[in-house]
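So the sequence shown is numbered by the working numbering: it starts at 24 and just counts up by one.
Yeah, the Cβ is synthetic: ideal placement off N, Cα and C, and Gly gets one too.
Keep in mind the model is a prediction, meaning the values are calculated, not measured.
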Amino acid sequence: MITYLNGAFIKEEEAMVSSNDRGLTLGDGLFETMRVRDGKLQRLKLHTNRLHYGAAYLGITVPLHAAELDSALTDTLVANELEEGVLRLTLTRGAAGRGLAIAQNNPPTLIITAGDMPKSPDPANAWIAKTISRNEMSPLSQLKTISYLENIIARRESDSKNANEAILLNSKGFVAEATISNLFVVINGQLTTPRVEDGALPGVMRANILSQLDCIEASIKPQIFSEASEGFLTNSLSIRPLISVDEVPLGNGTVGSVTKQIIKLFG
């Protein structure tokens, strides 16, 4: 595969960044994962808008203007002759010395990598993480940062319970999201998703569903899973049925009709 690195297109195995890059040493950066379908990037503007929001909040310079960034993404797609697959854009604050202090005018690092589309995941049998929670008061809960340690800890716990996904609660015990996905449930016929204020990442697919369907945002206690008729998880690459939580089936434990409709519309 061909990688874009700071303005140059090079072979993936030859791409190198500084060992002092703050993305490596401090997790100081952001990323976006984008679906490629029929040779075109899906929901590009939503992704780049979220990247610019996060970069502005963290004070990381996006080294390309909007049109230039779009071109860099498209050129990476073309360089890899990618018809179906994934692009990942990673932006870090760049190389710097030791410590947390931020140097003025530090050149950022911008990387765009390409990959094949992963196979569709199996339906989710999720486990509610008990060892870690999402801090809904932290602004980082609304940014797609390159540090996923909280999510990894939760996923290690779910793996130990023979589950294939973990659900994170926030500090008040409300449902936030899954480790790499937003979460939706159907309660008494109403499609519902956790609020951003409760720690849900403002996902791109989540935004699409909220803007196009009758879906509400609400504070959700984990007890609601016993009342839900069905559920599913979403990210930029897939819509995944959620069929059980803590070994208790949602509804009849099969893929529900609303989930099938969502997959047909957005999958």
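For the pair Ala-137 and Leu-114, the CB atoms are not nearer than the 8 angstroms cut-off. For Asp-139, the enclosing beta strand (DSSP E) covers residues 132 to 139. For Lys-283, the enclosing alpha helix (DSSP H) covers residues 280 to 289. For Pro-86 and Ser-94, the gap between their C-alpha atoms comes out near 13 angstroms. Ranked by Cα distance from Arg-111, the first of Tyr-80, Glu-55 and Arg-45 is Glu-55.
Runs of the beta strand (DSSP E) spanning 3 or more residues and lying entirely within the segment 134 to 211 occur at 147 to 151, 188 to 192, 198 to 201 and 205 to 210, in chain order. Secondary structure of Thr-215 (DSSP, three-state): strand. The three-state secondary structure of Pro-245, taken from DSSP, is helix.
The continuous beta strand (DSSP E) containing Gly-52 extends over residues 52 to 60. Rounded to whole angstroms, the gap between the alpha carbons of Val-109 and Met-140 is 6 angstroms. Thr-257 has its alpha-carbon roughly 19 angstroms from the corresponding atom of Pro-272.
Proximity to Ser-261 across Lys-287, Ser-249 and Ser-280 peaks at Lys-287, based on C-alpha coordinates.
In the three-state reduction of the DSSP assignment, Gly-117 falls in the coil class, being assigned neither a helical nor a strand state.
The Cβ atoms of Ala-199 and Arg-157 lie closer than 8 angstroms to each other.
Boundaries of the alpha helix (DSSP H) harbouring Thr-97: 89 to 102, taken from the DSSP string. By the Cβ rule, the segment 144 to 164 does not count as touching the segment 230 to 244, because fewer than three pairs are nearer than 8 angstroms. Inter-segment contact for the segment 173 to 187 and the segment 224 to 233 is absent: fewer than three beta-carbon pairs are separated by less than 8 angstroms. DSSP lists Thr-216 as the beta-bridge partner residues of Glu-240. Beyond the five residues adjoining it in sequence on each side, Thr-154 comes within less than 8 angstroms, by CB distance, of Ile-176, Ala-177 and Glu-180 in the same chain, given in chain order. Under the Cβ criterion (8 angstroms, minimum of three pairs), the segment 66 to 84 counts as touching the segment 163 to 173. In chain order, Leu-64 place their CB closer than 8 angstroms to the CB of Thr-97, counting only its own chain and leaving out the 5 sequence neighbours on each side. DSSP places Ala-230 within a helical segment (H, G or I) once states are collapsed to three. About 7 angstroms separates the beta carbon of Gly-120 from that of Asn-43, a gap short enough to meet the 8 angstroms contact definition. Leu-260 sits in coil when the DSSP states are folded into three classes, being neither helix nor strand.
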